[in-house]
Structure formats: C-alpha cells, structure tokens
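There are 2 protein chains.
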Amino acid sequence: MAGQPSKRITLHDVARLSGVSSQTVSRVVNNYPYVSEDTRRRVLDAIQQLDYRPNRAARSLATRRSCMLGIVSFGISYYGPAQMMANIEQAAKLRGYSLAFSAINRVALDEMREAIDNLSDLSVDGLVLITPTTGIDVRELVGLCEGVPFVQIDTDPAARVPSVVIDQHYGSRLATQHLIDLGHSAIGEISGPLHWFGAQARHESWEQTLLAAGLSPVMSVEGDWTPAGGYAAAHRLLDAGAQFTGLVVGNDQMALGALRALRERRLRVPEDVSVVGFDDIPEATYFEPPLTTIRQNFAALGEQSVEYLVALIDHPETPVHQRVLHPQFIPRQSTQAPAR
Amino acid sequence: MAGQPSKRITLHDVARLSGVSSQTVSRVVNNYPYVSEDTRRRVLDAIQQLDYRPNRAARSLATRRSCMLGIVSFGISYYGPAQMMANIEQAAKLRGYSLAFSAINRVALDEMREAIDNLSDLSVDGLVLITPTTGIDVRELVGLCEGVPFVQIDTDPAARVPSVVIDQHYGSRLATQHLIDLGHSAIGEISGPLHWFGAQARHESWEQTLLAAGLSPVMSVEGDWTPAGGYAAAHRLLDAGAQFTGLVVGNDQMALGALRALRERRLRVPEDVSVVGFDDIPEATYFEPPLTTIRQNFAALGEQSVEYLVALIDHPETPVHQRVLHPQFIPRQSTQAPAR
DNA sequence: GAAATGGTTGTGAACGCTAACATCATAACA
DNA sequence: TGTTATGATGTTAGCGTTCACAACCATTTC
C-alpha cells in the first residue's frame, strides 16, 4: 500500500472524488446548513477515504481566526504557574482551541512585548497572561495586545482588565486569624518577593489582620519562594532577635526551608512555633511536621480564565471584570495553641 | 493620532511606501542577498514606520513551513516534565521557533494520536514527544507522525528513533553502589510505576548492582511518584517485615513520604536507614534529613532535544540515534555507613 | 400561470505571502 | 565592440481556504 510522494490532500481532491464543488466540501467541513443529507454523506465518505485534514494556515489566512490561544507565562517551573499551564491547556482543548506558549524570564515590558508579538504573529485569537508581579503597567499591556482579547491571571487585584485572581487577602487573613484564634499574639512573617502581587497582598493582610485584632505585627522578612530563601529568611528573623510563636510563610516551599532553620535553632514546631504555609503542594502533608496551609485552586483558575477568554472572543461586548476565587484553609499539625 | 479602522499592514503597503515591489520587501524581510544596501534601508524604514509584521499564516501557506515546534507532554504537572517544558521552550525560542503545546493524560495511542493530529494540523515543523511510559509501540508512533520529524524524550532506552534520554541505569547504579560502598548489605527499593521506562531502568539496575556485588536484593515495592505513594510504599515494605539499612527511592517526592513513614516506625534516617532519592528537586536539601539524591539535568535534556530536532528538520539525513545524558550523584545527610 | 420563496449548489475573487522565472542594468572579459 | 557573468529588481502564479455573490431547482403563493 505504498503511497504517492505524499502530496497534500486538499479540499479540491475531496471535491473531485465526491463530485461536488470545493465550496460544498468546505460547507460540510464547517457544518454549514444548506447541504443536502445526501451530498453531505458523500463528501464525508470522501473525506474519510482520503484522510483529508484541513490546512489551518489556509483557513486562518482566509478567516483571520486561528483557533489558537496564546499563553504567556512567567515562572513556569514554579509549582503554581505549572499547574495553571496544565489546567489552561485542558480547558482550551475542551473548547477546540490549540495552545501556543511563550515564557518570559522577567515580568517587564520588553520581555512581554516580545512574547506577545511572537504569539500574535501566530494570529492567536486570545491571550492568557500569567503575570504575577509588578513591572508592567496595565495600560502598556493593553497597548501590547492591540485588539487581541486577553485575560490576566494571578495579577494585580486592582487591575481594571479582564482577569482571574485568587483572593490572597482573604487567604492571608485565614492564615493569620487561625494563629490568632489559637491564642498566638506574637506572629512573624516570611513573605514572598514583595513585587509579586500575591506576596504583597498576603503581607498586607497579615499586618491588617493583626492590627484588627489589636496585636502588633512582629517582624516580616522577604524570601524568594524557594526553600533556600525560606531557610535564609527564618535565620534572618531569628538573628534579628524577633520573638514569635506564630509564623506565616508566603508559600509551602519556603515553609520547608523555615522548618529546617527553626529546627537548627532548637525551636520545635509546633510546640515552640506554629507555622502556616500557602499553596498546599502535594509535599506539604509530608513535611515534618505536616504543614498547615492555604490551598490555592489552580485548576479552577485555569478553567475560569479560559472560559472568560473564550467569552471575550465570541462576544466582544462581554463586560470587563475581575473574577475572584477563594483559597481554602487546610489545618495540619504544624500549628497549635502556644505554650503558656 | 487615532488610526484607521486598523486594516492589516501587508507587504504591499510596505512596498508602496518604499517604492519597490513586494517581492523585494519579502527579500528584505527574509534576509535574502541581492538587495542593495540602499533599498534595504529604505524598506526597513518603511517597515518600521508602518510597524509591519509579517503574517505567519500566509507565509506558512506559501512555504509549507511554520517555524513552530509541537510538544506533546505527559504529566506536565510533575516536576520533571515541567522542567523539560520550560527548557524546551527556551531552546526553541533561541532558534526562532514558536511552541505549540498539547498534553495527554495517558500514554496511549488514541490520546497520542489526537495530540499529534492536533499539532500537525498546525503544520508544526517538528515534534518533541515526552513519553516516559510504555503504552505506545514505536512503530505506531512513527506512523502517527507521518513525515513530521520528531524527537522523543525520556523514553525507552532501547528505542530506535531519534531520542534523548537520561541514563537511568547509570543513575541507579550510582545510588545503589553508594550504599554498598558505605557498607550496606540489606538494601530495599521503592520504585516508580514500572510502566515508566525510567522507573523500570532504575529498578533493574538496583537489582543488578546488588547482584554484581554479591548481595541479594531485599524487597522492592512500587510507588506512584507522589509523596503519598512513597509514604504508603514504605509502610508496605515495613509491614512485610523487610529488613534493610539502605533504601533507594525512585524520586525525591516519594522519598519525602518514605522519610515520614520511617519516622513513624521509629526508624532514624540515616542512623537506622540510609535513603537515596532521584531528581534533586529544590526541596531535597531541606528535607529532614537533607536527601542524598541523583540529580537529573532537565535543562540539558530540553536543550539537546531541541538541538537534535532542529538538526533533523534542517538536515533530514541526520542519522537516527539516541543521545544519552548522565545524571549526577549528590551526597547529603540521608545516607551514612550502617550501624554495626 | 407568473411571481415569489427558500433550499441547494457553483463561481470567481480574495487572504498575504513566497517560489520560480523573467528582466534589466552594470561591470568584466575576450 | 560584442558577449558573458552577476547583481538587483519586477512579474506571475500559486499555497488551501473562505466569502460574497450568482445560479439553479422545486415549491408555494397570489
């Protein structure tokens, strides 16, 4: 059954075989009405027989649509963004969209411009932007996208562009209030890098929740999301002489590093210090001790953002807003009431 | 400075403005020779002035190339695949390729067919397939790709198709031999799922290395790569009454779970049991105790695979082979000589 | 019985680009 | 001086689709 030198099969080949015009084949392929059942079947047969597959470049040229979504992602090798990627792909596929992907190494205008240009050269129908840090003015962003609908994920909670975010203020309040409710009054923090919106929000809310409870925030130091950063930050906290029995840490990875640092300082968790993390990575249950944390629903984030984006593509008049998801408190053994 | 209703700028617009034919503009854009410095400059000016950007659909239609690579990935939310993704993207961008991305949920022919069809509809110039498990016959795979060059990553070490793999036999030998060298003679294993090539190879090599040293393998149980799986596997090992002072675990995440299980059984690491993991995830240094492990160079894997793929695209006569990378032994505190 | 209706099909002409060829200077050679 | 090379440009015809329109047929309507 060897084949011809594999010339591409086109609409016309199908048309010839089924004895109709190529336009009619096009109608069948695109499920247009006004094709008789009889011809439709004939065409479908021919398509199957020839194993015809439409050429998307040609279609895209003619229609100015590509059925592709572009995704610009920062920090794809971090847990959160990787989860989002996976879920966005899933959601896009479900709706018949392919995915093109471009990573950036800094959230900055030049990198973002390059990535977006890259993707819009592919005439993507829409863009998902994972931009968890400051560095790009929203107005500039709108400029970059030039008419291509986009949804921002995990971004400025005050952004007035289509976006889906997790309410980090709420999450941090959950974490801090949990410690307060347990009876802690000296609560420190290891934050994420404060130019990340999420880190900033969690930091603010840590402070506000304490003040609202009539407590004064102990010290906060800035980490870099990594276990190594959390380890260093915890040591800095202790070196500075901070006294605390509760510690809110910006993510689970840093919490892991912090756990080690505390141990090295002969501080037991949770007996001497209670620790709360963020994210609920699969490892968190198996930390020593298992980590109380605030779970982020990355799957929902991906799903919602694609749903929103597709709505924007199909109905440009869809109102601009920010969808807000809520994280969930997961109690484990790293927190308990303070010794008295 | 408001604009027209934003008609797309084409080659012809640039041609008109700079007073040359559109073919000449095309030559400039594609950096062809035989354009005088003078016209080149004029065209370049016009391009800049109009902010012209070539339409890739049209180009792709005319050239039958897309300058896109497709990547089919299994388990993108695992550490390894996510790292590969990130590095592949990096390497592709460096060579002027965009990336389209499709995930599969099982390594099976139907899922793979859908993913590859999807991508080849986009007329990708080449495919990177991350297929770490059995489930697809290589010959079937070649059929699916129908002429599109592809490189397989992290796959069957015996595959006779273009592929880049990490030598897992070697890695496992490093791990096991390390324990033997320390003086351990009772060495157990928690393997990854054995339909993963990497897990299978590590498992075999664990066994062979022991036999070669005149030791008989203690027990091996199968985990699922997750901390929870490692935890359960360790308990199963102990429940079965296995006696061991050394434990080789298929990845760092499972090792984390195993560490907890051992602790629950009042077994100290490394005093009572030495543990070795695989991957060297960023968390591994901060486990309790820090984990001795075998580092996989995922960056190199991504880079090499793209390099190979691009070579296959540019020079179809490039010989088919398997590039083999070697993992690296990272000693930490989870291993020591057995108590006597 | 003519006109109007509505389903069904076909006919160019785009879409924006490049490949292949044709053309025309100019310089280089005999 | 004529012939060749060679650089620099333009012309034409696709690439595989879809869009807008025209055409055709069988009914139905007045």
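The listed protein sequences derive, respectively, from chains S and R. Note that the numbering used here numbers the first sequence so that position 272 is 272, with each residue one more than the last. Note that the numbering used here numbers the second sequence so that position 140 is 140, with each residue one more than the last. Glycine residues also receive a C-beta, built at the ideal position from the N, C-alpha and C atoms. Only a predicted model underlies this, so the values are computations on that prediction, with no experimental measurement involved.
Residue burial classification, residue i (beta-carbon count within 10 angstroms, cutoff 16)
i: histidine 203(S); result: buried
i: arginine 266(S); result: exposed
i: leucine 94(S); result: exposed
i: glycine 96(S); result: exposed
i: glutamine 253(R); result: buried
i: valine 310(S); result: buried
i: valine 20(R); result: buried
i: arginine 268(R); result: exposed
i: arginine 173(R); result: buried
i: asparagine 105(S); result: exposed
i: isoleucine 180(R); result: buried
i: aspartate 110(S); result: exposed
i: proline 305(S); result: One detail in the question is off: residue 305(S) reads as serine in this sequence, not proline. With 16 or more Cβ atoms within 10 Å of its Cβ, serine 305(S) is classed as buried.
i: glutamate 89(R); result: buried
Those residues which DSSP pairs with residue i across a bridge
i: valine 218(S); result: Partner(s): none; valine 218(S) has no beta bridge.
i: arginine 173(R); result: Note: arginine 173(R) sits in no beta bridge, so no partner.
i: methionine 68(S); result: Ser98(S)
i: threonine 351(S); result: In this structure chain S extends from 1 to 340, so residue 351(S) is not present and cannot be described.
i: serine 73(S); result: Ala103(S), Ile130(S)
i: serine 191(R); result: Glu222(R)
i: arginine 323(S); result: Val164(S)
Nearest residue (CA-CA) to residue i, options the options
i: glycine 223(R); options: Val142(R), Arg323(R), Gly257(R); result: Gly257(R)
i: alanine 221(R); options: Leu325(R), Gly192(R), Val164(R); result: In the sequence under discussion, the amino acid at residue 221(R) is valine, which differs from the alanine named in the question. Of the listed residues, the one whose Cα sits closest to valine 221(R) is Gly192(R).
i: leucine 141(R); options: Ser123(R), Asp117(R), Ile313(R), His195(R); result: Asp117(R)
i: valine 273(R); options: Leu215(R), Arg106(R), Leu119(R), Ile187(R); result: Ile187(R)
i: arginine 348(R); options: Arg42(R), Val320(R), Glu146(R), Thr292(R); result: The question about residue 348(R) has no answer here: the residues shown for chain R are numbered 1 through 340.
i: phenylalanine 329(R); options: Trp196(R), Ile313(R), Tyr170(R); result: Tyr170(R)
i: valine 320(S); options: Tyr308(S), Pro327(S), Asp314(S); result: Tyr308(S)
i: alanine 92(R); options: Gly75(R), Cys67(R), Arg41(R); result: Cys67(R)
i: phenylalanine 74(R); options: His178(S), Ala82(S), Tyr78(S); result: Ala82(S)
i: leucine 325(S); options: Gly302(S), His315(S), Asp314(S); result: Gly302(S)
i: methionine 219(S); options: Arg53(S), Leu237(S), Thr245(S), Ile313(S); result: Leu237(S)
i: proline 157(S); options: Ser123(S), Ser185(S), Arg40(S), Gln200(S); result: Gln200(S)
i: proline 227(R); options: Asp51(S), Ser185(S), Pro290(S); result: Pro290(S)
i: phenylalanine 150(S); options: Leu119(S), Gln177(S), Thr133(S); result: Leu119(S)
i: valine 14(R); options: Pro54(R), Val35(R), Tyr34(R); result: Pro54(R)
i: glutamine 177(S); options: Val148(S), Gln208(S), Gln152(S); result: Gln208(S)
i: alanine 337(R); options: Leu182(R), Arg8(R), Ser123(R), Leu122(R); result: Leu182(R)
Cβ separation of residue i and residue j, assumed to be a contact under 8 Å, to the nearest whole Å
i: glutamate 283(S); j: glutamate 288(R); result: The Cβ separation is near 12 Å, so there is no contact.
i: aspartate 239(S); j: glycine 198(S); result: The Cβ separation is near 26 Å, so there is no contact.
i: leucine 129(S); j: valine 165(S); result: Not confirmed; about 12 Å, so no contact.
i: leucine 259(S); j: valine 275(S); result: 7 Å
i: proline 270(S); j: threonine 335(S); result: 5 Å
i: alanine 233(S); j: isoleucine 190(S); result: 4 Å
i: leucine 99(S); j: phenylalanine 101(R); result: 5 Å
i: valine 43(R); j: serine 18(R); result: 5 Å
i: histidine 195(S); j: glycine 135(S); result: 7 Å
i: valine 161(S); j: valine 138(S); result: 6 Å
The beta strand (DSSP E) enclosing residue i, as first and last residue numbers
i: threonine 63(R); result: From DSSP, threonine 63(R) is part of no beta strand (DSSP E) but of the alpha helix (DSSP H) over 56-63.
i: aspartate 279(R); result: 274-279
i: glutamine 328(S); result: 328-330
i: phenylalanine 244(S); result: No beta strand (DSSP E) holds phenylalanine 244(S); DSSP gives it neither H nor E.
i: serine 22(R); result: Looking at the DSSP string, serine 22(R) is not in any beta strand (DSSP E); the run it does join, the alpha helix (DSSP H), is 22-29.
i: phenylalanine 150(S); result: 150-153
i: serine 18(S); result: Premise fails: serine 18(S) lies in the alpha helix (DSSP H), 11-18, not in any beta strand (DSSP E).
i: valine 269(R); result: From DSSP, valine 269(R) is part of no beta strand (DSSP E); its letter is neither H nor E.
i: serine 334(S); result: No beta strand (DSSP E) contains serine 334(S), which DSSP labels as neither H nor E.
i: leucine 165(R); result: The residue you asked about is not leucine; residue 165(R) is valine in the sequence shown. Note, valine 165(R): beta strand (DSSP E), 163-166.
Start-to-end residues for the alpha helix (DSSP H) that takes in residue i
i: leucine 347(S); result: This structure does not reach residue 347(S), given that chain S is present from 1 up to 340, and the question cannot be answered.
i: arginine 295(S); result: Per DSSP, arginine 295(S) belongs to no alpha helix (DSSP H); it is in the beta strand (DSSP E), 292-295.
i: isoleucine 116(R); result: 109-121
i: serine 185(S); result: Taken as a continuous stretch (DSSP letters only), serine 185(S) belongs to no alpha helix (DSSP H), as it is neither H nor E.
i: serine 205(S); result: 197-212
i: valine 142(R); result: 138-145
Check: residue i C-beta below 6 Å from any heavy atom of the ligand FMN
i: valine 14(R); result: No copy of the ligand FMN occurs in the structure displayed, which carries no ligand at all.
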